[in-house]
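Under my numbering, the sequence shown is numbered contiguously, ending at residue 425.
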Amino acid sequence: MGQATRTTKLLLDLGKRDQGGANTDKQAALTATVEVLNRARAFYIHFFLAHPDKLAERVSYFSEKHQEGRERLISPNELLTWAEALTVSTRSHPHPLPSYNFSDQFPEFPFIYRRSVIKDAIGKARSYLSHLTNWKASGKNKGQPGLPGATNHPTLYDEAFRLDLDGTDLRPNPRTCFARLKVYTGTAWEWQNYPVNLNRYFEARWRDPAWENQSPKLILRKQSAALHFPQVKEVKAKKVKESKEDPHLVTVAVDLNVKNLAVITVRQDGRIIETAFVTDHGLDRHRYGHLKCIAKKQWQSGTPVKGEHSNQQIWRHVRRMNEDAADKVARIIADVCAKYPGCVLLFERLRKIKPTGRSKSARMNRRQANQLRGKINHSSKDKTYAVCNTVTVEVNPHGTSQYCSRCGAKGERFSHRGGKRITEK
Numbered sequence: 001m002g003q004a005t006r007t008t009k010l011l012l013d014l015g016k017r018d019q020g021g022a023n024t025d026k027q028a029a030l031t032a033t034v035e036v037l038n039r040a041r042a043f044y045i046h047f048f049l050a051h052p053d054k055l056a057e058r059v060s061y062f063s064e065k066h067q068e069g070r071e072r073l074i075s076p077n078e079l080l081t082w083a084e085a086l087t088v089s090t091r092s093h094p095h096p097l098p099s100y101n102f103s104d105q106f107p108e109f110p111f112i113y114r115r116s117v118i119k120d121a122i123g124k125a126r127s128y129l130s131h132l133t134n135w136k137a138s139g140k141n142k143g144q145p146g147l148p149g150a151t152n153h154p155t156l157y158d159e160a161f162r163l164d165l166d167g168t169d170l171r172p173n174p175r176t177c178f179a180r181l182k183v184y185t186g187t188a189w190e191w192q193n194y195p196v197n198l199n200r201y202f203e204a205r206w207r208d209p210a211w212e213n214q215s216p217k218l219i220l221r222k223q224s225a226a227l228h229f230p231q232v233k234e235v236k237a238k239k240v241k242e243s244k245e246d247p248h249l250v251t252v253a254v255d256l257n258v259k260n261l262a263v264i265t266v267r268q269d270g271r272i273i274e275t276a277f278v279t280d281h282g283l284d285r286h287r288y289g290h291l292k293c294i295a296k297k298q299w300q301s302g303t304p305v306k307g308e309h310s311n312q313q314i315w316r317h318v319r320r321m322n323e324d325a326a327d328k329v330a331r332i333i334a335d336v337c338a339k340y341p342g343c344v345l346l347f348e349r350l351r352k353i354k355p356t357g358r359s360k361s362a363r364m365n366r367r368q369a370n371q372l373r374g375k376i377n378h379s380s381k382d383k384t385y386a387v388c389n390t391v392t393v394e395v396n397p398h399g400t401s402q403y404c405s406r407c408g409a410k411g412e413r414f415s416h417r418g419g420k421r422i423t424e425k
């Protein structure tokens, strides 16, 4: 039994007002909401870093399973209750800490947003302290972890978000649905309606009974805003140990390359029953042309300015190309696995490859190609697990090139330059 996850996106309509988009005041309210939540998150990150012992505190409890008393790390919910008791003024604790009085610094702050930023701050503070402890134990002088940042995409729980698709007609006008959000206008917290770009694809995923909808995140960018809905589904899949006991197990091996993005080989009982080649359709050459343009512009502009990013539009285009290619290859791999129920998907364990030699643009292109392999690997795991309940295994590629792909004989790799040929040993 496992859990598969996916994300469904719903774009907010920030287009022109006369075309049904949200007005400028509503757009400004989204920005103000993200800013005030970032400041509140920074407040609690500073608070938890000032009390590191509390984050590492262990509490006693009685285990029903083992019928004995045990110890565990204090839970985030217990930390949330403790933090609210020390920072928020209520009837039960009217006098919070003077130096950490959240009620004075953020008056009338909604409790659901406050608890959201507290949970985020707990995770960020614990992660920072864990990395710092590991760095100190390593004895290294460089690479000290930096303080955690306060920026994050806000999570919209039920008390801060409403979306009702019932009674919505998609045919006459795609902008007939509104998302109701609780936002900060700069002076007060208000409920406001935002038009959304609804479509049949989103509605089908939203109403899918196999997937459970969770609280969305507000993703705010310079020119767009969207609601990202995480969805989870319970998946029943065999464990790898159980699958290995099957004498007629079907394995789907994927070899990731540069030109042929994926070579898919299906084996059963020691013989190949299917092979599929997924080419890049000129992606590597197209990406190399863009990276040459970036390298030329960087050379012409001279020393870069600290804190600024150049060629942002080209880099966004390159990232979108890689993500699109990874998604398409993962879908092809998932379709192959769906033909063989109970199969196991095999990937070679990827190592860190550092591009050396050649021009700067060629090195950047190799680096992007290596990152694309990782994206394909990650996306394929999620898709095959959610679509056909297939488990993915990473194997060590050491020594695989010593064996002939046709006869299986062990020898040396063929090379015109070095004069090496496969010889049996």
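Using N, Cα and C, we set each Cβ at its ideal position, and we do this for glycine too.
Just to confirm, is the Cβ distance from residue i to residue j under 8 Å?
{"i": "T8", "j": "F178", "result": "no"}
{"i": "E386", "j": "V235", "result": "Checking the displayed sequence, the identity of residue 386 turns out to be Ala instead of Glu. Cβ distance < 8 Å, so A386 and V235 count as in contact."}
{"i": "G21", "j": "P216", "result": "no"}
{"i": "H153", "j": "I219", "result": "yes"}
{"i": "V252", "j": "V183", "result": "no"}
{"i": "K124", "j": "P148", "result": "yes"}
{"i": "V117", "j": "S103", "result": "no"}
{"i": "L129", "j": "P76", "result": "no"}
{"i": "R126", "j": "L55", "result": "yes"}
If you run the structure through DSSP and keep just helix, strand and coil, what is residue i?
{"i": "Y340", "result": "coil"}
{"i": "F109", "result": "coil"}
{"i": "R316", "result": "helix"}
{"i": "K140", "result": "coil"}
{"i": "H228", "result": "strand"}
{"i": "R114", "result": "helix"}
{"i": "E78", "result": "helix"}
{"i": "R6", "result": "strand"}
{"i": "Y157", "result": "coil"}
{"i": "E308", "result": "coil"}
{"i": "N377", "result": "helix"}
Just the C-alpha distance for residue i and residue j, rounded to the nearest angstrom, thanks.
{"i": "P230", "j": "R351", "result": "30 Å"}
{"i": "T384", "j": "K239", "result": "15 Å"}
{"i": "V305", "j": "W211", "result": "46 Å"}
{"i": "P145", "j": "N134", "result": "10 Å"}
{"i": "P247", "j": "D269", "result": "8 Å"}
{"i": "R316", "j": "C388", "result": "32 Å"}
{"i": "K222", "j": "S379", "result": "27 Å"}
{"i": "Q313", "j": "Q3", "result": "36 Å"}
{"i": "K292", "j": "K375", "result": "23 Å"}
{"i": "I140", "j": "L132", "result": "Residue 140 is actually Lys in this sequence, not Ile. Rounded to the nearest angstrom, the two C-alpha atoms are 11 Å apart."}
{"i": "Y113", "j": "A338", "result": "42 Å"}
{"i": "E394", "j": "G342", "result": "17 Å"}
{"i": "T392", "j": "T81", "result": "40 Å"}
{"i": "K233", "j": "V250", "result": "25 Å"}
{"i": "R41", "j": "Q105", "result": "12 Å"}
{"i": "R70", "j": "F62", "result": "6 Å"}
{"i": "V344", "j": "V34", "result": "43 Å"}
{"i": "L170", "j": "N197", "result": "Per-residue confidence for L170 stands at a pLDDT of 46, beneath the threshold of 50, marking its modelled position as unreliable; the derived number appears in the next sentence. Computed Cα separation, rounded: 10 Å."}
{"i": "R39", "j": "D280", "result": "44 Å"}
{"i": "R175", "j": "M321", "result": "Low per-residue confidence applies at R175: pLDDT is 48, beneath 50, and the placement is therefore not dependable enough to give any value."}
{"i": "L14", "j": "Q214", "result": "24 Å"}
{"i": "D255", "j": "S359", "result": "27 Å"}
{"i": "L97", "j": "L79", "result": "16 Å"}
Assuming residue i contacts residue j (C-beta within less than 8 Å), just tell me the rounded distance between them.
{"i": "L10", "j": "A226", "result": "6 Å"}
{"i": "L283", "j": "A237", "result": "Actually they do not touch by this definition, with Cβ atoms about 32 Å apart."}
Exercise for the section: Take every Cβ of the stretch 255 to 272, pair it with every Cβ of the stretch 39 to 56, and state whether three or more of those distances are shorter than 8 Å. Expected result: no
Problem - Three-pair Cβ contact test at 8 Å for the stretch 322 to 330 versus the stretch 365 to 375 - result: yes
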